[in-house]
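Notes follow the structure.
Number of protein chains: 2
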Amino acid sequence: MERRVVVLNVGDFIPEEAYAELFNHAEVAFYGRASPEELRRAEVLVTFRLTREDLQMMPNLKVVQILSAGVDHLDWSSIPEDLIVCSNAGSNAIPVAEHALALLLAAAKRVTYYDARCRSGDFTRDRTTKILHGSEIAVLGLGPIGMRVAELAKALGMRVRGFARRPRGEPFIDEFFAYPDVRGALNGADLAVLALPLNKHTKGLIGYGELGAMKRDGVMVNVGRGGVVSKPDLIRFLRENPEFTYATDVFWSPEIAQDSDVAALPNVIATPWIAGAFGHPRVYVDMVRHAVSNVIGYLRGEGLRNVVDRSDYV
Amino acid sequence: MERRVVVLNVGDFIPEEAYAELFNHAEVAFYGRASPEELRRAEVLVTFRLTREDLQMMPNLKVVQILSAGVDHLDWSSIPEDLIVCSNAGSNAIPVAEHALALLLAAAKRVTYYDARCRSGDFTRDRTTKILHGSEIAVLGLGPIGMRVAELAKALGMRVRGFARRPRGEPFIDEFFAYPDVRGALNGADLAVLALPLNKHTKGLIGYGELGAMKRDGVMVNVGRGGVVSKPDLIRFLRENPEFTYATDVFWSPEIAQDSDVAALPNVIATPWIAGAFGHPRVYVDMVRHAVSNVIGYLRGEGLRNVVDRSDYV
Chain E
3 MERRVVVLNV GDFIPEEAYA ELFNHAEVAF YGRASPEELR RAEVLVTFRL
53 TREDLQMMPN LKVVQILSAG VDHLDWSSIP EDLIVCSNAG SNAIPVAEHA
103 LALLLAAAKR VTYYDARCRS GDFTRDRTTK ILHGSEIAVL GLGPIGMRVA
153 ELAKALGMRV RGFARRPRGE PFIDEFFAYP DVRGALNGAD LAVLALPLNK
203 HTKGLIGYGE LGAMKRDGVM VNVGRGGVVS KPDLIRFLRE NPEFTYATDV
253 FWSPEIAQDS DVAALPNVIA TPWIAGAFGH PRVYVDMVRH AVSNVIGYLR
303 GEGLRNVVDR SDYV
Chain C
3 MERRVVVLNV GDFIPEEAYA ELFNHAEVAF YGRASPEELR RAEVLVTFRL
53 TREDLQMMPN LKVVQILSAG VDHLDWSSIP EDLIVCSNAG SNAIPVAEHA
103 LALLLAAAKR VTYYDARCRS GDFTRDRTTK ILHGSEIAVL GLGPIGMRVA
153 ELAKALGMRV RGFARRPRGE PFIDEFFAYP DVRGALNGAD LAVLALPLNK
203 HTKGLIGYGE LGAMKRDGVM VNVGRGGVVS KPDLIRFLRE NPEFTYATDV
253 FWSPEIAQDS DVAALPNVIA TPWIAGAFGH PRVYVDMVRH AVSNVIGYLR
303 GEGLRNVVDR SDYV
């Protein structure tokens, strides 16, 4: 019997230990070095991106395991309906949640503001800081990243509101708001963290009215996707509400530099899409290991985690 | 029988509810408005500062309750040996520990570094970030601030080393190092938070060798007192180790601007002594309430918390 073929499209810098277990379950071919015959026989592809050419060269693909947690960058119209696509949600939840907390605290404690002043020799104090303990936070999106943010917020003594499409029973959510009641979740909140995927339900979900539902001196952190927030609405709101802070790791344009108008606003704190612990060797290894463990489950007939509902995107 | 007199030296902006309970236990006089006779009879003084003139006007003082957590600013040589001085340790532990975490995360995730670049339109990524989960942190000083930092570090999944003069059995300290083994506590650590008082045991405790005991790309946060660190040693170490970050809210000089040489270094993150949630109304109220509760305990004969050992300072 022919062995099943898995094609790995992972960087050469990934140590073999991250995927070695796969050799016990399938014939493994490496993208870029695989023969046309291996590609033709490929049943599973592990990759960040998926092109039309990939699909043509691999006509027998059944499962595509994406390496990133988000799958909004895929060209969904080109993907056949019967091809199963899995996201890698959860693979980098810990560093991304830590980054969300870093942005939240930088805004609440005005670290970037005061550091820039101290650096120039000005040690005067003219703006108050927030106490997180006892404050009200809305966590939008309760996948692995949002759940970890909620857990950390609870440890810091905040009251946590959760917002998602389906309720979650976890103990660190004090109050749950179901999609589409995003205004309910944000109403009067001191702080918010966006950890939502970008799909047809979430695109532009946060507009002028949603921003205005929060406290006027609120803090909104985005570690999900830029497109969840309406950019023109955000710019207008931030100009009108100088005490509000938007702290973000994610942007709208594929070339982030096109969003420098937002990053330059005085009440924005920005990092350039590094929440997944950019450059940290452990992250890529964890990402591949997490993806591969899902593929192994599939090969063993145990089913798949993180199967994407294409109707969220098409 | 004459009622016992407590003199309150607190700002006029403090609402009466913060100290109203005191009226049930003593005659309360307000500093600046008290009569010479009230001052002469005063048994307790609640204040930030204590001058020689205060001591002359209040010859019958038995207890001075300081409003700040630190008491290093007092002129200890002028304070009689039989006068009991209490600090207000614990009154602002929550905001200060949050600020320590804000500085720690700003350094680990390079928030100030990348925000300044993004602000100028440069979104390139050239420096890696740290993952706190699984990293090794040394918490120096295990008063209420240090213990809260240790608790939050544990919630973030760090391995926590504690350093203090006496061991603490709390579950979120994985390994304890007793004074003076500060190098043991710092040896190979990824991160460190200084939450030490400034006294004769801690002045200059952190020198070149102690900084060098940590990882070369380590992060040291200081929310205690600047003087715990040797300033010349720190400057030399930071110049020689550009990947090390010192993130601080505290400085050496009463006029912080004299320490702008440190704040201007590229591998320093600085905030101007705001960790106690500068300007936040709740903080001052909590501070007075915490101090007054100690005084009430004393008046009821239940003893005093936070009695300062003057031999730490004289």
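Chains E and C, in that order, give the protein sequences.
The C-terminal residue of the first sequence carries number 316 in the numbering used here, and the numbering is unbroken.
The C-terminal residue of the second sequence carries number 316 in the numbering used here, and the numbering is unbroken.
For each residue, glycine too, the CB sits at the ideal point set by N, CA and C.
Computed from a prediction, not measured in an experiment: that's the story for all the values here.
To the nearest angstrom, report how far apart residue i and residue j are at their CA atoms.
{"i": "C:Gln58", "j": "C:Arg170", "result": "40 Å"}
{"i": "E:Gly209", "j": "C:Ala110", "result": "32 Å"}
{"i": "E:Arg302", "j": "E:Arg42", "result": "22 Å"}
{"i": "C:Val316", "j": "C:Gly143", "result": "20 Å"}
{"i": "E:Glu172", "j": "E:Glu55", "result": "43 Å"}
{"i": "E:Lys233", "j": "C:Thr126", "result": "21 Å"}
{"i": "E:Ile68", "j": "E:Val87", "result": "7 Å"}
{"i": "C:Glu235", "j": "C:Arg241", "result": "Strictly speaking, residue 235 of chain C in this sequence is Asp, with Glu absent from that position. Rounded to the nearest angstrom, the two C-alpha atoms are 10 Å apart."}
{"i": "C:Arg307", "j": "C:Gly92", "result": "10 Å"}
{"i": "E:Arg5", "j": "E:Leu85", "result": "20 Å"}
{"i": "E:Asp251", "j": "E:Glu100", "result": "12 Å"}
{"i": "C:Asn62", "j": "C:Phe253", "result": "36 Å"}
{"i": "E:Arg284", "j": "C:Arg129", "result": "15 Å"}
{"i": "C:Gly190", "j": "E:Pro274", "result": "30 Å"}
{"i": "E:Arg167", "j": "E:Val310", "result": "14 Å"}
{"i": "C:Leu52", "j": "C:Gly13", "result": "15 Å"}
{"i": "C:Lys156", "j": "C:Phe178", "result": "14 Å"}
{"i": "C:Ile16", "j": "C:Asp124", "result": "46 Å"}
Which chain E residues sit within Cβ distance under 8 Å of residue i?
{"i": "C:His353", "result": "With chain C represented from 3 up to 316, any question about residue 353 of chain C goes unanswered, as that position is not in the structure."}
{"i": "C:Val113", "result": "Ala104, Leu105, Ala108, Val113, Thr114, Ile271, Thr273"}
{"i": "C:Ala279", "result": "Thr130, Thr131, Lys132, Ile133"}
Cβ atoms of residue j and residue i: under 9 Å apart, would you say?
{"i": "C:Arg164", "j": "C:Gly136", "result": "Reading off the sequence, residue 164 of chain C comes out as Gly, not Arg. Not closer than 9 Å, so no."}
{"i": "C:Leu196", "j": "C:Gly226", "result": "yes"}
{"i": "C:Gly148", "j": "C:Leu105", "result": "no"}
{"i": "E:Ala108", "j": "E:Ala249", "result": "yes"}
{"i": "C:Leu200", "j": "C:Asn243", "result": "no"}
{"i": "C:Asn90", "j": "C:Ala102", "result": "no"}
{"i": "E:Asp219", "j": "E:Ile237", "result": "no"}
{"i": "C:Thr272", "j": "E:Tyr116", "result": "One detail in the question is off: residue 272 of chain C reads as Ala in this sequence, not Thr. A contact, by the Cβ cut-off of 9 Å."}
{"i": "C:Asp288", "j": "C:Asn94", "result": "yes"}
{"i": "E:Val294", "j": "E:Tyr21", "result": "yes"}
{"i": "E:Thr131", "j": "C:His282", "result": "yes"}
{"i": "E:Ile96", "j": "E:Arg150", "result": "yes"}
{"i": "E:Arg312", "j": "E:Glu153", "result": "no"}
{"i": "C:Val141", "j": "C:Met60", "result": "no"}
{"i": "E:Glu39", "j": "E:Glu29", "result": "no"}
Measuring CA to CA, which of the options is closest to residue i?
{"i": "C:Val223", "options": "C:Lys205, C:Ser262, C:Val98", "result": "C:Val98"}
{"i": "C:Thr114", "options": "C:Met289, C:Ala265, C:Gly186, C:Tyr300", "result": "C:Ala265"}
{"i": "C:Leu207", "options": "C:Thr131, C:Asp183, C:Ile81, C:Val221", "result": "C:Asp183"}
{"i": "C:Asn26", "options": "C:Val297, C:Gly186, C:Tyr315", "result": "C:Val297"}
{"i": "C:Val221", "options": "C:Val230, C:Leu134, C:Gly34, C:Ser79", "result": "C:Leu134"}
{"i": "E:Arg112", "options": "E:Ala279, E:Phe246, E:Tyr181", "result": "E:Phe246"}
{"i": "E:Glu45", "options": "E:Gly281, E:Ala31, E:Asp261, E:Thr53", "result": "E:Ala31"}
{"i": "C:Tyr181", "options": "C:Pro256, C:Ala191, C:Glu304, C:Lys202", "result": "C:Lys202"}
{"i": "C:Ile175", "options": "C:Ile96, C:Arg167, C:Ile139", "result": "C:Ile139"}
{"i": "E:Ala215", "options": "E:Asp235, E:Thr204, E:Arg185", "result": "E:Arg185"}
{"i": "E:Val290", "options": "E:Ala152, E:Arg167, E:Asn11, E:Tyr300", "result": "E:Asn11"}
{"i": "E:Cys120", "options": "C:Gly123, C:Lys156, C:Arg167, C:Ala259", "result": "C:Ala259"}
{"i": "E:Asp314", "options": "E:Arg284, E:Arg5, E:Val73", "result": "E:Val73"}
{"i": "E:Val230", "options": "E:Thr204, E:Lys217, E:Phe239", "result": "E:Thr204"}
{"i": "C:Val7", "options": "C:Val65, C:Glu257, C:Asn189", "result": "C:Val65"}
{"i": "E:Val48", "options": "E:Glu39, E:Leu24, E:Val270", "result": "E:Leu24"}
{"i": "C:Phe239", "options": "C:Phe15, C:Gly211, C:Glu257, C:Asp311", "result": "C:Gly211"}
{"i": "E:Glu18", "options": "E:Phe253, E:Tyr286, E:Asp128, E:Phe280", "result": "E:Tyr286"}
{"i": "C:Pro146", "options": "C:His292, C:Pro268, C:Ser79, C:Pro256", "result": "C:His292"}
So which residues on chain E does residue i lean against when the C-beta distance must stay under 7 Å?
{"i": "C:Ser262", "result": "Gly123"}
{"i": "C:Ala152", "result": "Those within 7 Å of C:Ala152 in chain E number zero; the least Cβ separation is about 12 Å."}
{"i": "C:Ala157", "result": "Leu154, Ala157"}
Can you pull the chain C residues whose beta carbon is under 9 Å from the beta carbon of residue i, in chain order?
{"i": "E:Val193", "result": "Before going further, note that residue 193 of chain E is Leu rather than Val in the sequence given. The premise fails here: E:Leu193 is roughly 12 Å from chain C at the closest Cβ pair, so nothing lies under 9 Å."}
Name the chain C residues whose beta carbon is nearer than 8 Å to that of residue i?
{"i": "E:Ile276", "result": "Lys111, Arg112, Tyr116, Arg127, Thr131"}
{"i": "E:Ile147", "result": "The premise fails here: E:Ile147 is roughly 13 Å from chain C at the closest Cβ pair, so nothing lies under 8 Å."}
Since residue i meets chain C, which of its residues come closer than 7 Å, beta carbon to beta carbon?
{"i": "E:Ala265", "result": "Cys120, Arg121"}
Looking at residue i and the ligand NAP, is the gap between the Cβ and the nearest heavy atom below 8 Å?
{"i": "C:Gly226", "result": "This structure simply doesn't include the ligand NAP, nor any ligand for that matter."}
Residues, ordered as in the chain, of the segment 69-102 of chain C that lie near chain E by beta-carbon distance below 7 Å | The segment 69-102 of chain C vs chain E, Cβ under 7 Å: Ile96, Pro97, Glu100, His101.
Select from the segment 240-258 of chain E all residues with a C-beta closer than 7 Å to any C-beta belonging to chain C, and list them in chain order.
-> Result list: Ile258.
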